[in-house]
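Only one structure is covered here, and it is reproduced in the block below.
Residue numbers (the working numbering), protein chains in the order written: chain A, 1 to 352; chain B, 1001 to 1513.
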């Protein structure tokens, strides 16, 4: 590592060449809060919470937007904690709706940590309520702090512009393009916007079923079963009901770097669905399905397939593999088709 | 016009939207999407640009009523309500923060036509399609800009860049848009960066009370072009741009004529870019964003425009008046210009004089002049007992009558917690309450805030509500908010918004906590 030497409150510190000051501060034990920053995005410097003083700058600078330079003298104390608290209080004067159960609210957490309280509620704090007819994502304008993380994330990372800033001045707000429903924009309901929302203004409609705060949910890391990509995700379990209330992911997870698609994020309803099969079933002579062991079920399937081959020949059997299989599983399927079933008719529905 | 004819470069977005509004009508969501598809820009990105500006969604012949401070003092809000009442179904009547015709206050527009001395009669006539009263200019033959002289003069001498810098330094010329940064230093900084470089004229005059750039562009457009060509030659810039506010239709026509008449200018091009109604786009980095086809939200600095500006190129951005002084400076020498000031201050400048004076207008006079001299020598004296004076735009502070003999200089005004700003001197009668003036000023900041940074987004609104008596602060809380705006805002709008509040705290302490 080519080290860049700088100082934090007079103490010597080391950064990587070209490193963001925010990251360097975190590694050196100082973690200025930030609500608008996301490592995947270009520096924005809008919330101003991560301001620090840098010698030679006439005003504090946002550490999320400054690269460390050799000899930089950084101050994080002095008047900055008070400034940070004032900024937090400003945000609270407009943050008239707080996130409900299951929703993260970094602003509320920060307010608690700093002892910040709104001195009053801005008379024009309330925004027009927003209802979207889609069943997955909701938006609470009164919890929004216009940090624009959702917009920048969808535009720059997801390459979609379903969310936009609208207007200027006190009436400015965030809405799906033209104020239409998400369903009438180019949105694919991937939920990327809600995954970066710091105040829970954009939220999973399904998670509103829990009363637990986001921090009380138990996270169970697993692999998405919907396709072969193998996205890593966290099932968020309400410890009281034992049920999954939402799915999240983390930027540190590979290969998806915290991103999910509409299925991975929202289609977990099958987990507790009464129609879900939880054990093998074999249809008996009575026409009804009866529970069976895996050995019995596999033997029954093999007998059925072999019966077709005997009566109609090998080519009478074809294999259609699910899109949910991995490359390795698809390899095994074709092996099974060609060597065991002796058919050339093998296909994956992903190919169409 | 067909959408398919429009150029597809992202930098054409603002111009395309303006053309659509002029030729096809208000930019509806359908037109916005169609343009996005044609330009291969995502629909949402075009939609959020459209909604950033005040005028793109309005029909061309809409009524616009000025509610800037001088107009508000003369019934601007009542006239707005009247216009809304009189306007036929389907014709919007909207307010504009400041139309830049404060010498003719109260004013409005019907489409491109300015309606000076707005009244019920003028509104009725405008709605009936009758001709509006003429827009008069009250000005003088100043030594540098000579606004009352004919526009055509011999081109300034072509000097080597070192000489240009030396003359600019000797002249003491500073940026006259409001910031007052020494021009020669800005020019030197741009020239240090590798080319290609770009020059932009900031003609987005929107600072409340400021009419000087309009006067200049309406009366001496060629003077501006000469200054711009000097700047382009100095910066070795092939492309020059003039970013003009939409409301200045006459200036637009005069500039287009003058540009067309220029002929070949050493292979350089000058392009007029027309805004769409947003004060913040006069902030130089917001202007760059606007020109690049995005919402006019200021950039973080560094890098400064001189380092990385329009499309990443080193960019020299100067105010209209600043550039217009340069031909005379090069012709007569920096020392000549410097000697034009009063009380040892260097140079002259245009003073926009409006409000409670007999002859409001735009006058060139030496720096170092006092308010009283300006009002007596040029304005023909006050019309009323003076209650308060704003010396140079919304963020320049509010002065009590006791400051009438203070020279309008950076140093002298600093002692009064004020600044020269854009030299937009607005004189308010004693009958206009300072708190009302403050409320209007803070409302202006709140409504023009781009919403990017927390202190400006919320602080300006909080202070507006405070001035209007809708929220209460303790003295300590107020100080903390003012400091947050000053220290933590990204651009000059938020950083300067506390100044009028501090003025009122200082000169009328009983009015605020």
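Built from N, CA and C at the ideal position, the CB exists for glycine as well.
I want to verify the contact list: residues of chain B whose CB lies under 9 Å from the CB of residue 90 (chain A), in sequence order. Sequence index remark: in the first chain, residue 90 (chain A) carries index 90 (1-based). Going along chain B in sequence order, the residues near residue 90 (chain A) (Cβ under 9 Å) are 1454, 1455, 1457, 1458, 1459, 1462, 1481 and 1484.
Out of B:1122, B:1281 and B:1102, point me to the one whose CA is closest to residue 1087 (chain B)'s CA. Here residue 1087 (chain B) corresponds to residue number 87 of the second chain, with the count starting at 1. Measuring from the Cα of residue 1087 (chain B), the nearest candidate turns out to be B:1122.
Provide the residue span of the beta strand (DSSP E) that contains residue 1317 (chain B), from first to last. Here residue 1317 (chain B) refers to the residue found at position 317 of the second chain. It spans 1315-1319 - the beta strand (DSSP E) in which residue 1317 (chain B) sits, taken as one unbroken run.
Would you identify the three-state DSSP class for residue 1491 (chain B), choosing helix, strand or coil? One-based indexing of the second chain puts residue 1491 (chain B) at position 491. In this structure, residue 1491 (chain B) counts as coil in the three-state DSSP scheme.
Suppose you measure from the CA of residue 318 (chain A) to the CA of residue 291 (chain A); what does that come to, to the nearest Å? The sequence position of residue 318 (chain A) within the first chain is 318, counting from 1. The sequence position of residue 291 (chain A) within the first chain is 291, counting from 1. Computed Cα separation, rounded: 27 Å.
DSSP beta-bridge partners for residue 3 (chain A)? What you label residue 3 (chain A) is simply residue 3 of the first chain in a count that begins at 1. According to DSSP, residue 3 (chain A) bridges with A:16.
Using CA atoms only, rank isn't needed, just tell me which of B:1029, B:1462 and B:1288 is closest to residue 86 (chain A). Along the first chain, one-based indexing puts residue 86 (chain A) at 86. The option with the nearest alpha carbon to residue 86 (chain A) is B:1462.
Smallest Cα separation from residue 353 (chain A): which of A:268, A:293 and A:254? The structure shown does not extend to residue 353 (chain A), since chain A is modelled only from 1 to 352, so the question has no answer here.
Quick check: the Cα distance between residue 88 (chain A) and residue 1301 (chain B), rounded to an integer number of angstroms? Along the first chain, read from residue 1 onward, the residue named residue 88 (chain A) stands at position 88. Along the second chain, read from residue 1 onward, the residue named residue 1301 (chain B) stands at position 301. Between residue 88 (chain A) and residue 1301 (chain B), the C-alpha separation is close to 23 Å.
Tell me which residues of the region 117-149 of chain A have at least one Cβ-Cβ distance to chain B shorter than 7 Å, keeping chain order. 119, 120, 122, 123, 124 and 146
Mind checking which residues open and close the beta strand (DSSP E) that includes residue 1202 (chain B)? Residue 1202 (chain B) sits at position 202 when you count from the first residue of the second chain. Run containing residue 1202 (chain B): 1197-1203, per the beta strand (DSSP E) assignment.
Please check if any C-beta of chain B sits within less than 7 Å of the C-beta of residue 97 (chain A). Translated into positions along the first chain, residue 97 (chain A) becomes position 97. Residue 97 (chain A) does not count as touching chain B.
Helix, strand or coil: how does DSSP classify residue 1452 (chain B) here? Here the question's residue 1452 (chain B) lines up with position 452 in the second chain. Reduced to three states, the DSSP call for residue 1452 (chain B) is coil.
Pull up the distance between the alpha-carbon of residue 146 (chain A) and that of residue 248 (chain A), whole angstroms please. Position 146 of the first chain holds residue 146 (chain A). Position 248 of the first chain holds residue 248 (chain A). When rounded, the distance between both Cα atoms is 22 Å.
Backbone CA spacing between residue 1318 (chain B) and residue 1190 (chain B) [nearest angstrom]: Along the second chain, one-based indexing puts residue 1318 (chain B) at 318. Along the second chain, one-based indexing puts residue 1190 (chain B) at 190. Cα-Cα distance, rounded: 12 Å.
In chain A, what lies closer than 7 Å to residue 1473 (chain B) by C-beta? Within the second chain, the letter at position 473 stands for residue 1473 (chain B). Neighbours of residue 1473 (chain B) on chain A, chain order: 119.
DSSP three-state assignment for residue 1398 (chain B), whether helix, strand or coil: Translated into positions along the second chain, residue 1398 (chain B) becomes position 398. In this structure, residue 1398 (chain B) counts as coil in the three-state DSSP scheme.
Can you have a look at residue 1264 (chain B) and say buried or exposed, based on whether 16 or more other CB atoms are within 10 angstroms of its CB? In the second chain, counting from the first residue as 1, residue 1264 (chain B) sits at position 264. Label assigned to residue 1264 (chain B): exposed.
Spatially closest choice to residue 1390 (chain B) from B:1383, B:1352, B:1246 and B:1366, by CA coordinates: Taking the second chain and counting its residues from 1, one reaches residue 1390 (chain B) at position 390. Checked all of B:1383, B:1352, B:1246 and B:1366; the closest Cα to residue 1390 (chain B) is B:1352.
Bridge partners of residue 75 (chain A), per DSSP? The residue you call residue 75 (chain A) lines up with position 75 of the first chain. Residue 75 (chain A) pairs with A:53.
Give me, in chain order, the residues of the same chain whose beta-carbon lies closer than 6 Å to that of residue 48 (chain A); leave out the 5 immediate sequence neighbours on both sides. Locating residue 48 (chain A) in the first chain gives position 48, counting from the first residue. Cβ within range, chain order: 87.
Indicate the three-state DSSP secondary structure (helix, strand or coil) for residue 95 (chain A) in the structure shown. Stepping through the first chain from its first residue, residue 95 (chain A) is reached at position 95. Looking at residue 95 (chain A) - three-state DSSP - the assignment turns out to be coil, as it is neither helix nor strand.
CB contact check: residue 1451 (chain B) to chain A, cutoff 7 Å: Your numbering for residue 1451 (chain B) matches position 451 in the second chain. Closer than 7 Å: yes.
Run through DSSP, which three-state label would residue 1283 (chain B) get? Numbered from its first residue, the second chain carries residue 1283 (chain B) at position 283. In this structure, residue 1283 (chain B) counts as coil in the three-state DSSP scheme.
Under 7 Å by beta carbon: chain B residues contacting residue 47 (chain A): Start at 1 with the first residue of the first chain, and residue 47 (chain A) comes out as number 47. Correct list: 1454.
Using only alpha-carbon positions, find the residue among B:1447, B:1113, B:1232 and B:1442 that is nearest to residue 1468 (chain B). Translated into positions along the second chain, residue 1468 (chain B) becomes position 468. Of B:1447, B:1113, B:1232 and B:1442, the residue nearest in Cα terms is B:1442.
Continuous alpha helix (DSSP H) stretch holding residue 1233 (chain B): start and end: Reading the second chain from its first residue, position 233 is the one you call residue 1233 (chain B). Note, residue 1233 (chain B): alpha helix (DSSP H), 1221-1235.
Please list the partners that residue 168 (chain A) has in chain B, where partner means a Cβ-to-Cβ separation under 9 Å. Against the first chain, residue 168 (chain A) aligns to sequence position 168. The contacting residues are 1051, 1052, 1053, 1054, 1278, 1280, 1295, 1296, 1447, 1448, 1449, 1450 and 1451.
Skipping 5 residues on each side, what residues in its chain have a beta carbon closer than 7 Å to that of residue 1249 (chain B)? For this step, residue 1249 (chain B) is matched to residue 249 along the second chain. For residue 1249 (chain B), where only same-chain residues beyond five positions count, the Cβ hits under 7 Å are 1112.
Measure the C-alpha to C-alpha separation of residue 191 (chain A) and residue 1289 (chain B) and round it to an integer number of angstroms. Numbered from its first residue, the first chain carries residue 191 (chain A) at position 191. Numbered from its first residue, the second chain carries residue 1289 (chain B) at position 289. Computed Cα separation, rounded: 28 Å.
Helix, strand or coil for residue 1248 (chain B) per DSSP? For this step, residue 1248 (chain B) is matched to residue 248 along the second chain. Three-state DSSP puts residue 1248 (chain B) in coil, outside helix and strand.
For residue 1225 (chain B) and residue 1310 (chain B), I'd like the C-alpha separation in whole angstroms. Against the second chain, residue 1225 (chain B) aligns to sequence position 225. Against the second chain, residue 1310 (chain B) aligns to sequence position 310. Rounded to the nearest angstrom, the two C-alpha atoms are 20 Å apart.
Reference residue 1503 (chain B), options B:1401, B:1056, B:1458 and B:1489, closest by Cα: Locating residue 1503 (chain B) in the second chain gives position 503, counting from the first residue. The shortest Cα separation from residue 1503 (chain B) among B:1401, B:1056, B:1458 and B:1489 belongs to B:1401.
Run through the DSSP bridge pairs and tell me what residue 138 (chain A) is partnered with. In the first chain, residue 138 (chain A) corresponds to position 138, counting from 1. Bridge partners of residue 138 (chain A): A:203.
Using Cβ-Cβ distances below 7 Å, what residues of the region 1021-1032 of chain B are close to chain A? 1029
Just mark residue 311 (chain A) as buried or exposed, buried being the case when its beta carbon has 16 or more other beta carbons within 10 Å. The residue given as residue 311 (chain A) occupies position 311 in the first chain. Looking at its Cβ environment, which holds fewer than 16 other Cβ atoms inside 10 Å, residue 311 (chain A) is exposed.
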